[in-house]
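One point on numbering: in the working numbering, the residue at position 9 of the sequence shown is 577, and numbering is uninterrupted.
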Amino acid sequence: QQQFAGSLALEVGYQGNHSSHQLLQPDFNACPNFGTLNSNINCNSLRRTPFIGGISGTSTFGFGNYDALTAKLEKRMSNGLQFITAYTYGHALSNTGTTLSGSQGFGYKDNTNISTSYASAAWDIRHNFTTGFTYELPFGRGKQYGANLNKVVDLMLGGWQTNGIVTFHTGNPYTIRANGCQGVFASCYPDLVNGKNPDAAPSGGRNPSHWFDTANFTAPASLTEGNLGLQTNYGPATRTVDLSLFKDFAFTERWKLQFRAESFNIGNTSQFSVPDNNISDAKFGQVTGTQTGSERHVQFSLRLQF
569 QQQFAGSLAL
579 EVGYQGNHSS
589 HQLLQPDFNA
599 CPNFGTLNSN
609 INCNSLRRTP
619 FIGGISGTST
629 FGFGNYDALT
639 AKLEKRMSNG
649 LQFITAYTYG
659 HALSNTGTTL
669 SGSQGFGYKD
679 NTNISTSYAS
689 AAWDIRHNFT
699 TGFTYELPFG
709 RGKQYGANLN
719 KVVDLMLGGW
729 QTNGIVTFHT
739 GNPYTIRANG
749 CQGVFASCYP
759 DLVNGKNPDA
769 APSGGRNPSH
779 WFDTANFTAP
789 ASLTEGNLGL
799 QTNYGPATRT
809 VDLSLFKDFA
819 FTERWKLQFR
829 AESFNIGNTS
839 QFSVPDNNIS
849 DAKFGQVTGT
859 QTGSERHVQF
869 SLRLQF
């Protein structure tokens with residue numbers, strides 16, 4: 569931590585944790601991966617106890633890790649202004665998406681050895697920047713400008729306050745899938761072209777019609793589940809600016825009415841959902857929707873304070 573002039577304070581730190589006993593739902597009589605063209609060989613025939621079939625249940629042997637560099641710049645209230653700005657560069661990993669918050673396409677590489685599915689967690693956000701501020705406009709009685717305004721003019725010009733929250737963060741990870749693996753496999757994935765980056769942007773840049781370079785993937789090799797790993801791609805970033813404007817009407821020292829005009833995602837910036845992640849789909853690599861409820865919202869309210 570370091571304090572600076574102007575009521576500013578900077579804090580830089582490291583955060584890390586290890587989580588254990590995370591929820592997952594394994595098959596306790598899982599079948600192993602087995603590449604074959606023999607139609608007589610199926611999952612049930614490969615189970616340790618074939619005549620029982622699958623055994624579903626909930627277990628708590630999932631685990632994960634998190635490491636992050638954090639920075640925070642804070643300005644305490646002075647001259648009507650206060651703000652707090654924070655940035656986190658972190659990485660969360662886990663061998664489970666948990667039963668409540670799985671990411672698109674996540675699946676175990678091997679149902680008989682779930683630890684091999686340790687990868688970027690569903691909740692991994694690599695870069696996260698937020699800032700929030702409050703600014704009391706310097707107009708009206710007792711302020712820098714208009715300190716001697718009469719009551720009627722002060723009623724219109726005084727007591728205004730603006731607030732904002734700015735949020736920029738990278739998207740959550742997801743997994744590329746495929747169809748048509750030959751044999752019995754926990755999941756089916758494509759092959760990554762040698763030397764290519766699975767999350768590389770197209771040559772013309774990312775857009776909803778072509779979010780990543782789909783040419784970097786091919787169908788899985790014969791008798792394999794594909795060589796691509798889990799959670800190799802990241803969804804679109806979140807970029808929102810929320811702004812509000814407050815106006816106080818003071819009747820007495822105790823009673824005050826506050827008018828609020830609040831906007832969420834004031835720029836109506838599109839918050840894209842994860843693109844189609846299956847190479848067998850006609851819309852592979854295309855974004856076909858936005859996050860639910862992410863469109864601009866505006867609301868007005870009155871708050872009586874006493």
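All residues carry an ideal CB built from backbone N, CA and C; glycine is no exception.
Being a predicted model, the structure only gives us computed values, none of them experimental.
query: Just the Cα atoms here: how many angstroms apart are G727 and Y713?; result: 12 Å
query: Is the beta carbon of D678 closer than 8 Å to that of A577?; result: no
query: Within the continuous beta strand (DSSP E) that includes V866, where are the two ends?; result: H865 to Q873
query: Quick check for students: name the residue ranges of the beta strand (DSSP E) that lie wholly in the region 713 to 759, counting only runs of 3 or more.; result: 728 to 737
query: If I measure Cβ to Cβ from S685 and keep anything under 7 Å in the same chain, skipping five residues before and after, which residues do I get?; result: N663, Y676, K677 and L798
query: Among T837, R864, L592 and Q859, which residue has its Cα nearest to the Cα of F629?; result: L592
query: Here's the rule: buried if 16 or more other CB atoms are within 10 angstroms of the residue's CB, otherwise exposed. What is S688?; result: buried
query: Give the straight-line distance between the Cα atoms of I623 and S869, rounded to the nearest whole angstrom.; result: 54 Å
query: Measure the alpha-carbon distance for L760 versus N845 and round it to whole angstroms.; result: 14 Å
query: With F780 and N747 assumed to form a contact (beta carbons below 8 Å), what rounded beta-carbon distance in angstroms separates them?; result: At roughly 19 Å, the Cβ-Cβ gap does not stay under 8 Å, so F780 and N747 are not in contact.
query: Tell me the rounded alpha-carbon separation between D595 and H589.; result: 17 Å
query: Tell me the rounded alpha-carbon separation between F840 and N833.; result: 13 Å
query: Nearest CA to the CA of R822: which residue from L872, R807 and Q854?; result: L872
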